[in-house]
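For the sequence shown, our numbering assigns the number -2 to the initial residue and increments by one for each residue that follows. Contents: one structure, followed by commentary.
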Amino acid sequence: MIDPFGRAITYLRVSVTDRCDLRCVYCMAEDMTFLPKADLLSLEELERVCSAFVDLGVRKLRITGGEPLVRKNVLGLFENLGRHLKSGALDELTLTTNGNRLPEYADALRAAGVKRVNVSLDSLDSGRFKDITRWGDHGKVLNGIRAAKAAGLKIKINTVAMRGVNEDEFNDLVAWCGDEGFDLVFIETMPMGDIDGDRTDQYLPLSLVRANLSQRWTLDSIADNTGGPARYTRCAETGGRVGFITPMTHNFCESCNRVRLTCTGTLYMCLGQDDAADLRAPMRASEGNELLNQAIREAITRKPKGHDFIIDRRHNKPAVGRHMSVTGG
Ligand code: SAM
Ligand code: SF4
-2 MIDPFGRAIT
8 YLRVSVTDRC
18 DLRCVYCMAE
28 DMTFLPKADL
38 LSLEELERVC
48 SAFVDLGVRK
58 LRITGGEPLV
68 RKNVLGLFEN
78 LGRHLKSGAL
88 DELTLTTNGN
98 RLPEYADALR
108 AAGVKRVNVS
118 LDSLDSGRFK
128 DITRWGDHGK
138 VLNGIRAAKA
148 AGLKIKINTV
158 AMRGVNEDEF
168 NDLVAWCGDE
178 GFDLVFIETM
188 PMGDIDGDRT
198 DQYLPLSLVR
208 ANLSQRWTLD
218 SIADNTGGPA
228 RYTRCAETGG
238 RVGFITPMTH
248 NFCESCNRVR
258 LTCTGTLYMC
268 LGQDDAADLR
278 APMRASEGNE
288 LLNQAIREAI
298 TRKPKGHDFI
308 IDRRHNKPAV
318 GRHMSVTGG
């Protein structure tokens, strides 16, 4: 699948639920209204859409949410999608998680063919972690990370950089990830969905973060080989990789190879735009995949050049109304 700007679409992110067992301040309001369960695609339907994308050339699947591991029986989805890894049709099956449930799931995910996992961790301090996630238990998440490591999963830590919240910990995070053998990726806050606070206060450009880190660490730019929007560096002192996802300060759209499916079967061709295609109706219209494939191909012809995120005092409304937990981070 090639989009109008010549980009090959080889990566699908799938949000399997918009629900979550945490309430991170930058992501959700505390009192969220979630989709009625009846609107969700069944796990069988999610598998069918994912498999259609694999047939059309997708090589990498990331399961996300919301919190993917709160979806009942989600392991079955991983196990069934694992067959595409075995056949060679898929290069990678992976997930992004808050880590809460990794103690129960890590071994089974590894057995299903998952090799890498992204875990979100914004602080190494348990009190602060609680403030950021509202409902989180730091010890539980650290146990989850340990379980994933013990299961042989490669780990990438995602840290949202927030002004005045966790910026004094970035050196410690680089050191800790280096010691543990984890990649670390910093993310800028993106204006998605209403939250209780004001994102202009939280927004911290990663150009600044990188400049500050460079006073302590030697960060050498390296070629990105993960197919994602992160720009990677190698930290000479720890040997670990440190990446920066800068949707706000750097246009990461030109090499975008991905599209995103929500748990209701809506396909978003861009994280930062509202245009979308419904795949649920064509999928349910027949048992074969002809209509579904047609709808997917048509959607790809509408993939926009890029997003128009902007955060400043004059634009303090979210750029897109939906939360990150709907389209999946
Ligand atoms: N619940 C899982 C987790 O937290 O990893 C997966 C879904 S979460 C929406 C995926 C990623 O998006 C997380 O790393 C999270 O920190 C990030 N995220 C959520 N809302 C964001 C926002 N408004 N701006 C930037 N990153 C955000
Ligand atoms: Fe949940 Fe992930 Fe959003 Fe935090 S970032 S509230 S863990 S979906």
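For every residue, glycine included, the Cβ atom is placed at its ideal position computed from N, Cα and C.
_On a Cα-Cα basis, can you pick out the residue from Asp198, Ile219, Phe179, Gly178 that is closest to Thr186?_
Ranking Asp198, Ile219, Phe179, Gly178 by Cα distance to Thr186 puts Asp198 first.
*asked:* I'd like to confirm the pairing. Which residues does DSSP put opposite Gly240 in its beta bridges?
replied: In DSSP, Gly240 forms a bridge with Val182, Tyr229.
*In chain order, what residues of the same chain lie with their CB nearer than 8 Å to the CB of Leu150, ignoring the 5 residues before and after it?*
Answer for Leu150: Ala103, Leu106, Arg107, Val111, Lys112, Arg113, Val114, listed in chain order.
_Proximity of Ala220 and Phe241 at Cβ, strictly below 8 Å_ = For Ala220 and Phe241, no; Cβs fall outside 8 Å.
*Answer yes or no: the CB of Ser117 versus the heavy atoms of the ligand SF4, is any distance below 7 Å?*
Yes, the Cβ of Ser117 comes within 7 Å of a heavy atom of the ligand SF4.
*asked:* Less than 8 Å between the beta carbons of Lys153 and Val182, yes or no?
replied: Their beta carbons are under 8 Å apart, which means Lys153 touches Val182 by this criterion.
*Return helix, strand or coil for Asp165, following the three-state DSSP convention.*
DSSP places Asp165 in helix when its eight states are reduced to three.
*asked:* Short of 7 Å in beta carbon distance, which residues of its chain neighbour Asp217, apart from the five on each side in sequence? Order them along the chain.
replied: Same-chain partners within the cutoff: Thr230, Arg231, Ala233.
*State the start and end residues of the unbroken alpha helix (DSSP H) segment that holds Ile142.*
Start and end: 135 to 147.
_Alpha-carbon to alpha-carbon, Arg16 and Glu76_ = For the pair Glu76 and Arg16, the Cα-to-Cα distance works out to about 22 Å.
*Hey, Tyr8 and Arg277: beta-carbon distance below 8 Å or not?*
In this structure, Tyr8 keeps its C-beta atom at 8 Å or more from the C-beta atom of Arg277.
*Can you tell me where the alpha helix (DSSP H) with Thr261 in it begins and where it stops?*
In this chain, Thr261 is not harboured by any alpha helix (DSSP H), its DSSP state being neither H nor E.
*With respect to 7 Å, is the separation between the Cβ of Gly63 and the closest non-hydrogen atom of the ligand SF4 below this value?*
Result yes, Cβ under 7 Å from the ligand SF4.
_With the cut-off set at 8 Å, would you say Thr261 and Leu90 are in Cβ contact?_
The answer is no: Cβ separation not under 8 Å.
*Val206 in three-state terms, based on DSSP*: In the structure shown, Val206 sits in a helix (DSSP, three-state: H, G or I).
*Taking C-beta to C-beta, are Lys57 and Asp28 nearer than 8 Å?*
Judged by their CB atoms, Lys57 and Asp28 are not nearer to each other than the 8 Å cut-off.
*Select from Gly54, Gly269, Thr235, Ser48 the residue whose C-alpha is nearest the C-alpha of Cys250.*
The candidate whose alpha carbon is nearest that of Cys250 is Gly269.
_Our contact map puts Met(-2) next to Arg238 with C-beta atoms below 8 Å; I'd like the distance itself, whole angstroms only._
Their Cβ separation, rounded to whole angstroms, is 29 Å, which puts Met(-2) and Arg238 out of contact at 8 Å.
*Within the present structure, is the beta-carbon of Cys260 separated from the nearest heavy atom of the ligand SF4 by less than 7 Å?*
Not so, every heavy atom of the ligand SF4 lies at least 7 Å from the Cβ.
*asked:* Do Arg20 and Trp132 count as a contact pair if the criterion is CB distance below 8 Å?
replied: The answer is yes: Cβ separation under 8 Å.
_Quick check on this structure: which residue in Asn155, Ala109, Ala292 has the alpha carbon closest to the alpha carbon of Lys83?_
Between Lys83 and the set Asn155, Ala109, Ala292, the nearest pair of CA atoms involves Ala109.
_Which residue wins for smallest C-alpha separation from Lys34, given the options Val67, Leu288, Leu78?_
That would be Val67, whose Cα lies nearest to the Cα of Lys34.
*Does DSSP classify Asn290 as helix, strand or coil?*
Helix.
_Collapsed DSSP secondary structure at Val67 in the structure displayed_ = Three-state result, Val67: helix.
*Between the Cα of Gly236 and those of Gly175, Glu101, Gly124, Glu44, spot the shortest distance and give me the residue it belongs to.*
With distances taken between Cα atoms, Gly236 lies closest to Gly175.
*Can you check DSSP and say which residues form a bridge with Ile60?*
DSSP, once it has assigned bridges, lists Val11, Leu92 as partnering Ile60.
_Bridge partner(s) assigned by DSSP for Asp217_ = Arg231.
*Is the Cβ of Gln199 closer than 8 Å to any Cβ of chain D?*
Given the protein chain composition of this structure (a single chain), no chain D is represented.
*Sort Glu42, Lys302, Leu118 by Cα distance to Met280 and report the nearest one.*
Among Glu42, Lys302, Leu118, the Cα nearest to that of Met280 is on Glu42.
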